[in-house]
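Here the sequence shown stands for residues -29 to -1, 1 to 61, where the numbers follow mature numbering (1 follows the signal peptide of the UniProt record, and there is no 0).
Here a beta-carbon is modelled for each residue, glycine too, at the ideal position from N, C-alpha and C.
Given the structure is predicted, the values throughout are model-derived calculations rather than measurements.
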Amino acid sequence: MVYMNKKFSISLLSLCIGLSSAISFSADARDITIYYTNDLHAHVTPEIIPYVSKTRPVGGFAPISKIVKDAKAKEKDVFFFDAGDYFTGP
């Protein structure tokens, strides 16, 4: 499973780099925004993770939902990708 996620991530990155280089030479090039998540590991609600921050909650699907809604309201060309691994565990 880990190998598949790494392979997918590398493939997605290669695709994005390839597309961005092709688009940058186009006369009507425009900016895009890409959001990417991976390996959420069942962190459905925000949690305090001491080695990240002792006071600020990290993770959670509700904060991700807010980021997505805000980005869609602000940006015209915005793309969201997730490589999965939602429920494998912490």
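Item checked: V39 (DSSP reduced to helix, strand or coil) -> helix
Item checked: Pick from I19, L(-18), G(-12) and I3 that is closest to N9, judged by C-alpha positions -> Of the candidates I19, L(-18), G(-12) and I3, the one whose C-alpha sits nearest the C-alpha of N9 is L(-18).
Margin query: Nearest by alpha-carbon distance to A44: which of Y57, L(-15), T4 and I(-13) is it?
Written below: Comparing Cα positions, the closest option is T4.
Margin query: Judging by CA-CA distance, which residue of L(-11), Y7, V29 and R1 is the nearest neighbour of F50?
Written below: Y7
Item checked: Proximal residues to N(-25) (C-beta, below 8 Å), its chain only, five neighbours per side dropped -> N9, D10, A54, G55 and D56
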